[in-house]
Amino acid sequence: MQAPTSVLDLTYDQLVDLLGGWGEPRYRAKQVWEWLYRKFTTDPAQMTNLPKPLRERLGSEMRVDPLSEHYAQRSTDRQTYKWLYALPDGQAIETVLMLYDERRTVCISSQAGCAMGCTFCATGQGGLSRNLQSGEIASQVLAAARWLASPPPETGLVPSTLTNIVVMGMGEPLANYERVWQALRTITDAEGFNLGARHITLSTVGLVPGIRRMAEEPLQINLAVSLHAPNDELRSQLVPIDRRYPLAELMAAVRDYVARTHRRVTFEYALMNGINDTAALAREMAGLLRGLLCHVNLIPLNPVAGSPYQPSTPEQAATFQAILEQSGIPTTMRLRRGIDIDAGCGQLRQRITSVNA
Ligand code: SAH
Ligand code: SF4
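The letter at position 195 of the sequence shown is residue 190 when you use the numbering used here, and the numbering goes up by one with no holes.
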């Protein structure tokens, strides 16, 4: 295991051990935990109920905030905010905050880049740089919560709290399983940030062992699976990992997950013009999902520079949706919010990288 670089990488028990090793009484860990996860403090100097030597030691021996803001954007409708953060080693990740449907949802990254190579995805085009540490994952949530608690005056927003998390930013979360789950355990901790697991959704490209492992977790995080095609011939072209975990295996894992957890699974389907949006494929999808406790999230594709795919027309998308609905499969059509700020997966990083290149 890598040595922790940030105090946010630690579980509560690890923080107790660290501070105990520094000769501090047990209650100090609770105080630090509250500064981090309730007040979203990034500067130990502001942790005013700690003795000064402890504040200084925390500041010099541990990194408290592993993110530094590199670039921020907001959509013209002011409902989507996006940050590009630089990590201590210079890697860049994206976090998006969405303010609609009466929710305040943060979309967090789990890896710098992604190894899965989905052909329509901006993140997939650059390959994997590295896994994020759990503190780098948790601090994206804390940064969004801190921003909401005191939004910049020019936004016109009143102070509010974060209501939902989606692990749908850059990277494949089940390929960085341990660190992602440690971050989620920390964020749901009742003594800290205390967000209910049911307000968190993790999206996977379909890594079967990870889905099976998730089914055993006591923490009830929602599962979303990126399907994008109802048969292996087409899916393997869009989502190369389909060759390793074909649909029969993936659907068996999802069915077992639902049987075990009794929780509804979401399938994500990015509608691409002339590729995966025909009526015949909609009927095939309906057949594949028949009888399963699920919901389909249809997303008109966000076009990515250098990729041949285009979004479906509104008519084609509506037809596809109607066929699923008529077969009794509940759907939502996710609007392309934030498209004017490249809020699709990995798109801001791609633009900044090409600007800097
Ligand atoms: N790696 C995970 C989570 C991150 S991607 C996964 O693939 O599920 C989050 C979602 O964005 C996935 O459903 C992914 O398929 C989708 N996505 C990626 N690129 C997209 C694009 N250009 N337009 C629309 N959705 C896209
Ligand atoms: Fe990775 Fe998800 Fe993008 Fe596929 S869609 S390349 S799994 S981030």
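Don't be surprised by glycine CBs; every beta carbon is placed ideally from N, CA and C.
Because the structure is a prediction, the values reported are computed rather than measured.
By the beta-carbon neighbour count (other beta carbons within 10 angstroms, threshold 16), H223 is buried.
Under the three-state reduction of DSSP, P295 is assigned to strand. Inside the segment 196 to 272, DSSP marks whole beta strand (DSSP E) runs of 3 or more residues at positions 217 to 221 and 260 to 266, from first to last along the chain. Where T327 is concerned, the enclosing beta strand (DSSP E) starts and stops at T326 to M328. At the C-beta level, V203 and L245 come within 7 angstroms of one another. Taking non-hydrogen atoms of the ligand SAH into account, the C-beta of T199 is found less than 6 angstroms away from one of them. Sequence-distant partners of M93 (beyond 5 residues in either direction) whose C-beta falls short of 6 angstroms from its own C-beta, in its chain, are T75 and T100. The way I'd put it, the segment 210 to 224 does touch the segment 257 to 267; three or more beta-carbon pairs between them come closer than 8 angstroms. Note on geometry: alpha-carbon atoms of N297 and C102 lie some 16 angstroms from one another. When DSSP assignments are scanned along the segment 71 to 120, the uninterrupted stretches of alpha helix (DSSP H) that are 4 or more residues long and fall wholly within it turn out to be 117 to 120. Residue pairing of H290 in beta bridges, as defined by DSSP: T261. When rounded, the separation of the alpha-carbon atoms in I294 and S134 is 28 angstroms. Within its own chain, the residues whose Cβ lies closer than 6 angstroms to the Cβ of Q311, once the five positions on either side in sequence are excluded, are D272, listed in chain order. For V161, the Cβ stays outside the 6 angstroms cut-off from all heavy atoms of the ligand SAH.
Contact between T183 and N217 does not hold, since their C-beta atoms are separated by about 13 angstroms, which reaches or exceeds 8 angstroms. In this structure M165 is in contact with Q106, their Cβ atoms being roughly 6 angstroms apart against a cut-off of 8 angstroms. For C113, the shortest separation between its Cβ and any heavy atom of the ligand SF4 lies below 6 angstroms. Going by DSSP, Q177 is part of no beta strand (DSSP E) but of the alpha helix (DSSP H) stretching over Y172 to T183.
In this structure, Q68 is the residue among D237, G16, P39 and Q68 with its C-alpha nearest to the C-alpha of T150. Between the ligand SAH and the CB of S231, the shortest heavy atom gap is not smaller than 6 angstroms. Excluding sequence positions up to five before and after Q316, its CB lies within less than 7 angstroms of the CB of L293, T326 and M328, all in the same chain and listed in chain order. Here DSSP, grouped into helix, strand and coil, assigns V59 to coil. With a cut-off of 6 angstroms, the C-beta of C102 is classified as distant from the ligand SAH, since no heavy atom of the ligand falls inside that distance. Listed in chain order, the non-local C-beta contacts of R52 below 7 angstroms within the same chain comprise W17, local neighbours out to five positions each way being set aside. Each residue's CA atom was taken as its position, placing V291 and L319 some 9 angstroms apart.
Taking the C-beta atoms as reference points, R73 is found no nearer than 7 angstroms to N159. The three-state secondary structure of E51, taken from DSSP, is helix.
Bounds of any beta strand (DSSP E) do not take in R33, whose DSSP letter is neither H nor E. Residue nearest to V299 within the set H65, T114 and P241 is T114 (criterion: CA-CA distance). Close CB contacts of E19 within its chain, under the 7 angstroms cut and outside five residues either way in sequence, are with L49 (chain order).
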